[in-house]
Structure formats: structure tokens, C-alpha cells
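> Okay, here's the structure, questions in a sec.
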């Protein structure tokens with residue numbers, strides 16, 4: 105029998121994965137075959153234990169269809185009835201959206217023994233190093249856990265790309281995208297910044313200034329509804345988009361409420377200041393740039409009139 109071809113068949117059945125293939129693979133193994141894997145410190149003293157673990161792994165794989173990109177092996181005869189086959193197998197898989205990739209290069213050794221003219225595998229050793237694995241560290245993660253970790257990393261990176269790192273609010277680029285997609289009927293744009301923020305940094309230090317920005321971010325989020333947009337544009341400037349304000353009076357009431365909460369939040373701390381707000385209604389033909397220019401002009405007017413107040417664009 106060609107043991108090299110049998111070895112290739114074994115790994116094809118294992119990695120490509122199917123119920124029928126699993127049974128064919130078990131037929132190649134001796135019932136008392138000992139299987140050791142270094143990836144998660146696997147140890148199976150017989151085929152029955154390995155079959156149960158294999159069944160769980162097939163469930164974990166779900167829609168993952170691994171591909172054998174390269175398989176190399178060589179045989180070394182020990183006796184006429186015993187032979188060692190060792191080699192290297194490279195497997196690969198990529199999700200349909202190309203965001204997750206499995207890329208593993210494993211080494212293996214298999215001990216074959218012939219009995220009554222039939223070759224069976226009596227021992228398997230598979231070493232699957234991981235790119236994140238450090239010297240002296242084992243990697244106790246299933247394939248499904250590796251996929252889930254990759255997804256979590258992607259979600260974290262996506263969140264970082266959409267949000268301001270200091271305050272956790274959406275950044276201006278994300279605000280632009282959300283603005284374009286929203287129904288802006290009865291919507292108002294608010295542009296605000298902190299009064300004399302430079303003095304806080306100069307007097308108490310930039311760390312204290314960061315705390316002020318974070319505190320104001322939480323205050324603005326709490327003052328608005330969940331469907332309203334709150335954005336840190338940069339520095340000490342923030343932008344709000346509030347829907348459902350069907351009159352100038354309602355927009356003014358919201359501005360007054362924000363000013364009042366900011367004032368009340370500064371009663372117990374010296375490192376605090378007031379804010380100024382410029383507001384404008386969103387017109388049917390408004391781009392974000394055109395609406396922002398009007399709100400920014402109103403903000404400048406509020407600053408010019410003494411700060412700690414709001415102004416509405418004409």
C-alpha cells in the first residue's frame with residue numbers, strides 16, 4: 105500500500121470535513137490509536153474519544169470550508185510491518201467578505217502498523233503553531249474561538265475608526281455619513297464649544313482639560329435622545345443633530361436645557377467652564393456644509409455677545 109497517498113487522504117478527510125469523510129477517516133485509524141495535538145494540548149487515547157471530539161469540531165466549523173493549499177510528506181520504514189510518515193500540511197480559508205482568514209501551517213508524524221495485510225495508523229502527532237503564540241506558550245483555542253476573536257478585533261477596529269478616541273463620541277467623518285442617510289425633516293443642527301477652554305489647559309493642565317471634554321460628552325449624550333447624533337468635531341468643538349424639533353421654540357428650549365446642565369455640572373469643581381451654542385434649522389436643500397456654516401456663524405455671534413449663551417441663525 106502507498107502510505108504517502110493514504111496520509112494525504114487522511115488529511116483531506118480531516119480538514120475538508122463531512123460526516124461521511126469522518127467515518128472514512130476513522131476506518132484508517134486503529135481503535136487504540138493515540139492522537140496528540142500541540143495546538144490546544146489535545147490528547148486522545150483511542151479512536152472513540154477522538155471521534156467525539158471530531159464531531160464537536162465539525163459543529164464548530166459550521167460554514168468554514170478549509171482548503172489544503174500544500175501537503176508534503178515522506179516515509180521512513182522502521183520494520184517491514186511498521187512505518188513512519190512525517191511531513192507538513194498548509195490549510196487556508198477566507199470568509200466571503202474577505203475580512204477573516206485562517207492561515208495555518210502544521211507539522212505532523214504518523215506511525216503506521218501492518219496487521220493481517222492491512223495498514224492502520226496507531227499514533228498521530230500534529231503540531232499547529234499560531235502566529236500569536238509565544239515561546240513556551242500553548243494556544244488553547246478552537247477554530248471557532250479563533251474566528252470569534254478575529255471578528256471581535258474587526259469590530260473593535262471598526263469602532264475605533266468611527267469614534268473619537270478620547271470621548272467615545274462619533275467622529276466627524278461618521279457624522280457626515282449618518283447625516284447623509286438621515287431624514288432631516290424638522291431637524292436642527294447645533295454647533296457648540298467650550299468658553300475659555302485654553303485657560304483650563306493652561307491653569308490645570310491638559311489632563312484636566314481631557315476630563316472636562318469627557319464630562320461634557322457624557323452630559324450632551326444624556327441631554328439628548330438616543331436617535332439624536334452627538335459628535336466631537338475636534339478640539340473643544342461639538343456638533344449635534346436633533347430631529348423632531350418642529351419649531352424654533354423647541355430648539356431654543358433644548359439649547360437652554362444644555363446650558364443649564366453645563367452650568368450645574370460646574371458647581372463642585374474649579375476645572376470647568378461654560379459653553380456657547382449656535383443653532384440652525386436644516387433646510388430641504390441643505391448640505392452639511394451649508395447648514396454648518398450658518399450654525400457656526402450663530403456660534404460666533406453667541407461668543408461675541410458674551411459667551412455662555414446660544415444664538416439662532418437668521
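Residue numbers (our numbering): 105 to 418.
Cβ coordinates follow ideal geometry from the N, Cα and C atoms, glycine included.
Owing to the predicted nature of the structure, the values given are computational and were not obtained by experimental measurement.
1. Along the chain, where does the beta strand (DSSP E) that runs through residue 379 open and close?
2. For the putative contact between residue 362 and residue 324, defined by C-beta atoms under 8 Å, what is the C-beta separation to the nearest angstrom?
3. Give me the residue from 146, 189, 157 and 267 with the minimum Cα distance to residue 130.
4. Starting from residue 201, trace the beta strand (DSSP E) both ways and give me its first and last residue.
5. Only counting the same chain, and skipping five residues up and downstream in sequence, which positions put a Cβ closer than 8 Å to that of residue 352?
6. Based on DSSP bridge pairs, tell me the residues matched to residue 373.
7. Would you decide whether residue 200 is buried or exposed? Buried here means 16 or more other CB atoms lie within 10 Å of its CB.
8. In three-state terms, what does DSSP make of residue 162?
9. Output the distance between the C-alpha atoms of residue 413 and residue 206, rounded to the nearest integer angstrom.
10. Would you say the stretch 281–295 touches the stretch 334–352, given that touching needs at least three Cβ pairs under 8 Å?
11. With respect to the alpha helix (DSSP H) encompassing residue 398, which residues constitute its N-terminal and C-terminal limits?
12. When DSSP labels each residue in this structure, what does residue 365 get in the three-state scheme?
13. With residue 297 and residue 341 assumed to form a contact (beta carbons below 8 Å), what rounded beta-carbon distance in angstroms separates them?
14. Put residue 219 into one of helix, strand or coil per three-state DSSP.
15. Within 10 Å of its beta-carbon, does residue 321 have 16 or more other beta-carbons around it, so buried, or fewer, so exposed?
16. Can you name the start and end residues of the beta strand (DSSP E) that residue 139 belongs to?
17. Sort out for me which residues DSSP pairs residue 183 with in a bridge.
18. Check each candidate in 374, 175 and 400 and name the one with the smallest Cα separation from residue 307.
19. Can you round the beta-carbon distance between residue 168 and residue 197 to whole angstroms, since I take them to be within the 8 Å contact cut?
20. Got a sec? Which residues, its chain only, sit under 7 Å from residue 419 by beta carbon, not counting five neighbours each side?
21. Is the beta carbon of residue 175 sitting closer than 8 Å to the one on residue 213?
22. So residue 338 is in the beta strand (DSSP E); what residue range does that whole segment cover?
23. Taking a contact to mean a Cβ-Cβ separation below 8 Å, would you say residue 271 touches residue 365 in this structure?
24. Taking the alpha carbon of residue 378 as the reference point, which residue from 393, 215, 389 and 360 has its own alpha carbon closest?
Result, derived from the coordinates:
1. 379–385
2. 7 Å
3. 157
4. Looking at the DSSP string, residue 201 is not in any beta strand (DSSP E), and its letter there is neither H nor E.
5. 385 and 416
6. For residue 373, which the question treats as bridged, DSSP gives no partner whatsoever.
7. exposed
8. helix
9. 56 Å
10. yes
11. 392–408
12. helix
13. The beta carbons of residue 297 and residue 341 sit about 4 Å from each other, so the pair counts as a contact at 8 Å.
14. If DSSP states are grouped into helix, strand and coil, residue 219 belongs with the strands.
15. buried
16. 133–141
17. In DSSP, residue 183 forms a bridge with 186.
18. 374
19. 6 Å
20. Since the first and last residues shown for the chain are 105 and 418, residue 419 lies out of range.
21. no
22. 333–338
23. no
24. 360
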